[in-house]
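Trainee: Residue numbers (numbering that gives the first Met the number 0), protein chains in the order written: chain Y, 0 to 196; chain W, 0 to 196.
Glycine residues also receive a C-beta, built at the ideal position from the N, C-alpha and C atoms.
Number of protein chains: 2
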Amino acid sequence: MITSPSSLRRSERSRRATLEAALALCTEKGYGRVTIEAIAARAGVSKKTIYRWWPSKSAVILEAFTDALVGTTPFVDTGDIAADLRANLSGAVKFISTPPFGPAYAGILSEMHHDDALAQTVRAKLVDPRCDEAVARLRRAQEQGQIPPDANLPLAVEMLYGPMYYRHVLRKPIQDEEEIAALVTHVLRAIGVPPEP
Amino acid sequence: MITSPSSLRRSERSRRATLEAALALCTEKGYGRVTIEAIAARAGVSKKTIYRWWPSKSAVILEAFTDALVGTTPFVDTGDIAADLRANLSGAVKFISTPPFGPAYAGILSEMHHDDALAQTVRAKLVDPRCDEAVARLRRAQEQGQIPPDANLPLAVEMLYGPMYYRHVLRKPIQDEEEIAALVTHVLRAIGVPPEP
């Protein structure tokens, strides 16, 4: 089958409309009450079109979420490891706590508890690549002599992101900039980096 | 109304049977599929009896959970802060990952996302008292000169328990004893305690 440029454009438009509708519905109704029917109606596409691209509701929502997350919180390297960790964590905290992504992610996390395939996909597509990026950024700092050679970098990543999940799950207030800065300082000190002057 | 000793014993027996039935059903069916009807049938008590003591399914399960947790992971003070933190965290990790409590708590956490009253109750009855206990244990170590006077103790508690929740929510493998020991060492170093010899 030959796909014309205008049909590709239409496809991409439908894809974007579907992802946006899915996120909007998560915010309005809560993840549990979103259906493929409602996403299709809101996006102005057929259910058949949605099922052609995604196997399930959770797959649609996860893709919407991953798409947006990748653009919003890139892991930059300014040469200042503390500043870069603060910027990354701050972006992640805002993302996880703000509609439409916050409620969508909460719904995904909740669904993961009785859906092994979804849990596996979320770890593989969303969580593990971001942990790897964080370890890679720490490793570059290590290569530049800013972090001791024997530092436990995966543990540092868990100490950085653990409190964010802890607060999210328990629905405690999100970390503010001051708390994020304190956490980064503490994690760096934990792996042997002397405090900044 | 005068309550006879034998009726009090019957009540306590019904209460325990209800809590045990609730936890067993969480393990077998998953929190979401447990009903008050099923709990009543399993415990051999009437629905009316259950509703006389608890307002909702989540209240029954939360009480079962809190009852068991308080007995299982007390915060001891042996004088060795690192050992006491390891023992406490290790108890909490086992608790959160083992049936029947693991699945029950996962269900409660999941339900908290669309039940503000439950979230409030879980924090007030379960989480906050345990955070306070941990801070109190750290404060005693501080008073004994084992931790610097300016240490940020609430942050230390989040660094200790955050990774456990992070793994639980993302359904990563639970922390083993070696990882727990490494985390405790790192958190203590983060708040200014020199590594053990």
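1. Is it true that the region 159 to 166 of chain W meets the region 150 to 170 of chain Y, where meeting means three or more beta-carbon pairs spaced less than 8 Å apart?
2. So Thr-184 (chain W) is in the alpha helix (DSSP H); what residue range does that whole segment cover?
3. Just tell me which of Y:Gln-143, Y:Val-59, Y:Asp-76, Y:Phe-64 has its CA closest to the CA of Ala-42 (chain Y).
4. The alpha helix (DSSP H) spanning Phe-100 (chain Y) covers which residue range?
5. Quick check on this structure: which residue in W:Arg-138, W:Gly-78, W:Leu-61, W:Val-75 has the alpha carbon closest to the alpha carbon of Phe-100 (chain W)?
6. For Gln-174 (chain W) and Ser-13 (chain Y), I'd like the C-alpha separation in whole angstroms.
7. Using a Cβ-Cβ cut-off of less than 7 Å, list which residues of the region 146 to 169 of chain Y approach chain W; keep chain order.
8. For Tyr-50 (chain Y), does the count of other Cβ atoms within 10 angstroms reach 16, so buried, or fall short, so exposed?
9. Mind the definition here: the region 151 to 158 of chain W touches the region 124 to 133 of chain Y only if three or more C-beta pairs lie below 8 Å; say whether that holds.
10. Could you compute how far the alpha carbon of Pro-193 (chain Y) sits from the alpha carbon of Ile-179 (chain W)?
11. My output table needs one value for Trp-53 (chain Y): the three-state DSSP class, helix, strand or coil.
12. What are the start and end residues of the alpha helix (DSSP H) that includes Asn-151 (chain Y)?
13. Of the residues that make up the region 119 to 131 of chain Y, which ones have a beta carbon closer than 8 Å to any beta carbon in chain W?
14. In terms of alpha-carbon separation, which member of Y:Asp-76, Y:Ser-55, Y:Leu-182, Y:Pro-98 lies closest to Lys-28 (chain Y)?
15. Between Gly-29 (chain Y) and chain W, is the shortest Cβ-Cβ distance under 7 Å, so that the two count as touching?
16. Any beta-carbon of chain Y closer than 7 Å to the one on Leu-108 (chain W)?
17. One question on the structure: do Leu-18 (chain W) and Ala-63 (chain W) come within less than 7 Å of each other, judged by their Cβ atoms?
18. With a Cβ-Cβ cutoff of 7 Å, do Ile-38 (chain W) and Ala-16 (chain W) count as a contact?
19. Compare the C-alpha of Thr-120 (chain Y) against each of W:Trp-52, W:Lys-47, W:Arg-170 and name the closest.
20. Measuring alpha carbon to alpha carbon, tell me which of W:Ala-118, W:Tyr-104, W:Ile-95, W:Ala-150 ends up nearest Pro-172 (chain W).
21. Give every residue of the same chain whose Cβ lies closer than 7 Å to the Cβ of Thr-77 (chain W), excluding the five residues on either side of it in the sequence, and list them in chain order.
22. Exposed or buried, which one is Glu-177 (chain W) when buried takes at least 16 other CB atoms within 10 Å?
23. So which residues of chain W does Arg-188 (chain Y) contact, with C-beta pairs closer than 7 Å?
24. What are the boundary residues of the alpha helix (DSSP H) that includes Gly-90 (chain W)?
25. Are the C-beta atoms of Ala-37 (chain W) and some chain Y residue less than 7 Å apart?
26. Taking the alpha-carbon of Arg-139 (chain Y) as reference, which of Y:Ile-107, Y:Val-92, Y:Gly-191, Y:Asp-79 has the nearest alpha-carbon?
27. Step through the CB atoms of chain W and report whether any lies within less than 7 Å of the CB of Ala-204 (chain Y).
28. Tell me where the alpha helix (DSSP H) around Asp-115 (chain W) begins and ends.
29. Which chain W residues sit within Cβ distance under 7 Å of Leu-182 (chain Y)?
30. In or out: Glu-36 (chain W) buried (at least 16 other Cβ within 10 Å) or exposed?
31. Specify the secondary structure class of Gln-141 (chain W) as computed by DSSP and reduced to three states.
32. Do you know offhand how far Ala-103 (chain W)'s Cα is from Thr-48 (chain W)'s?
33. Please state whether the Cβ-Cβ distance between His-112 (chain W) and Ala-189 (chain Y) is less than 7 Å.
34. Compute the beta-carbon to beta-carbon distance between Leu-187 (chain W) and Ala-81 (chain W), rounded to the nearest angstrom, for a pair I have assumed lies under 8 Å.
35. Within 10 angstroms of its Cβ, does Gln-141 (chain Y) collect 16 or more other Cβ (buried), or is it exposed?
Mentor: Let's see:
1. yes
2. Reading the second sequence from its first residue, position 185 is the one you call residue 184 (chain W). Unbroken alpha helix (DSSP H) run through Thr-184 (chain W): 176 to 189.
3. Numbered from 1 along the first sequence, position 43 holds the residue referred to as residue 42 (chain Y). Closest by C-alpha distance to Ala-42 (chain Y), out of Y:Gln-143, Y:Val-59, Y:Asp-76, Y:Phe-64, is Y:Val-59.
4. Against the first sequence, residue 100 (chain Y) aligns to sequence position 101. Looking at the DSSP string, the run of the alpha helix (DSSP H) that includes Phe-100 (chain Y) is 100 to 110.
5. What you label residue 100 (chain W) is simply residue 101 of the second sequence in a count that begins at 1. The shortest C-alpha separation from Phe-100 (chain W) is found at W:Leu-61.
6. By one-based count along the second sequence, residue 174 (chain W) stands at place 175. By one-based count along the first sequence, residue 13 (chain Y) stands at place 14. So the alpha carbons of these two residues sit roughly 43 Å apart.
7. If the cut-off is 7 Å between Cβ atoms, the region 146 to 169 of chain Y has Asn-151, Leu-154, Glu-157, Met-158, Tyr-160, Gly-161, Pro-162, Tyr-164, Tyr-165, Val-168, Leu-169 near chain W.
8. Residue numbering aside, residue 50 (chain Y) sits at position 51 when the first sequence is read from its first letter. Tyr-50 (chain Y) should be labelled exposed.
9. No: the two stretches stay apart, fewer than three of their Cβ pairs being nearer than 8 Å.
10. For the purposes of this step, residue 193 (chain Y) is identified with residue 194 of the first sequence, where counting begins at 1. For the purposes of this step, residue 179 (chain W) is identified with residue 180 of the second sequence, where counting begins at 1. If you take the alpha carbons of Pro-193 (chain Y) and Ile-179 (chain W), they lie about 23 Å apart.
11. Here residue 53 (chain Y) is taken as the residue at index 54 of the first sequence, counted from 1. Coil, per DSSP.
12. Your numbering for residue 151 (chain Y) matches position 152 in the first sequence. It is not in any alpha helix (DSSP H) - Asn-151 (chain Y) carries neither H nor E in the DSSP assignment.
13. Val-121, Arg-122, Val-126
14. Taking the first residue of the first sequence as position 1, residue 28 (chain Y) is located at position 29. Closest by alpha carbon: Y:Pro-98.
15. The sequence position of residue 29 (chain Y) within the first sequence is 30, counting from 1. Chain W contact via Cβ: present.
16. Here residue 108 (chain W) refers to the residue found at position 109 of the second sequence. Closer than 7 Å: yes.
17. For this step, residue 18 (chain W) is matched to residue 19 along the second sequence. For this step, residue 63 (chain W) is matched to residue 64 along the second sequence. Ala-63 (chain W) is positioned such that its CB atom lies closer than 7 Å to that of Leu-18 (chain W).
18. Indexing the second sequence from 1 puts residue 38 (chain W) at position 39. Indexing the second sequence from 1 puts residue 16 (chain W) at position 17. Result no, Cβ atoms of Ile-38 (chain W) and Ala-16 (chain W) do not sit closer than 7 Å.
19. Here residue 120 (chain Y) corresponds to residue number 121 of the first sequence, with the count starting at 1. Residue W:Arg-170 is the option with its Cα nearest to Thr-120 (chain Y).
20. Here residue 172 (chain W) corresponds to residue number 173 of the second sequence, with the count starting at 1. Checked all of W:Ala-118, W:Tyr-104, W:Ile-95, W:Ala-150; the closest Cα to Pro-172 (chain W) is W:Ile-95.
21. Residue numbering aside, residue 77 (chain W) sits at position 78 when the second sequence is read from its first letter. Excluding positions up to five away in sequence, the list reads Asp-83.
22. On the second sequence, position 178 is the one that residue 177 (chain W) refers to. Per the 10 Å Cβ criterion, exposed.
23. On the first sequence, residue 188 (chain Y) is found 189 positions in, with the first residue counted as 1. Chain W residues near Arg-188 (chain Y): Arg-188, Ala-189.
24. The sequence position of residue 90 (chain W) within the second sequence is 91, counting from 1. Note, Gly-90 (chain W): alpha helix (DSSP H), 80 to 96.
25. If you number the second sequence from 1, residue 37 (chain W) lands on position 38. Not closer than 7 Å to any Cβ of chain Y, the Cβ of Ala-37 (chain W) fails to qualify, so no.
26. Residue numbering aside, residue 139 (chain Y) sits at position 140 when the first sequence is read from its first letter. Ranking Y:Ile-107, Y:Val-92, Y:Gly-191, Y:Asp-79 by Cα distance to Arg-139 (chain Y) puts Y:Asp-79 first.
27. Since the first and last residues shown for chain Y are 0 and 196, residue 204 (chain Y) lies out of range.
28. To locate residue 115 (chain W), count along the second sequence from 1; it is residue 116. Segment 115 to 121, the alpha helix (DSSP H) holding Asp-115 (chain W).
29. Locating residue 182 (chain Y) in the first sequence gives position 183, where the first residue counts as 1. Within chain W, the residues near Leu-182 (chain Y) are Leu-154.
30. Numbered from 1 along the second sequence, position 37 holds the residue referred to as residue 36 (chain W). Counting Cβ neighbours within 10 Å, Glu-36 (chain W) comes out exposed, since fewer than 16 surround it.
31. By one-based count along the second sequence, residue 141 (chain W) stands at place 142. Three-state result, Gln-141 (chain W): helix.
32. What you label residue 103 (chain W) is simply residue 104 of the second sequence in a count that begins at 1. What you label residue 48 (chain W) is simply residue 49 of the second sequence in a count that begins at 1. Each residue's Cα considered, the two are about 22 Å apart.
33. The residue you call residue 112 (chain W) lines up with position 113 of the second sequence. The residue you call residue 189 (chain Y) lines up with position 190 of the first sequence. No, Cβ-Cβ distance for His-112 (chain W) and Ala-189 (chain Y) is not below 7 Å.
34. By 1-based counting over the second sequence, the position of residue 187 (chain W) is 188. By 1-based counting over the second sequence, the position of residue 81 (chain W) is 82. Right, their Cβ atoms sit about 6 Å apart.
35. Numbered from its first residue, the first sequence carries residue 141 (chain Y) at position 142. Gln-141 (chain Y) comes out buried.
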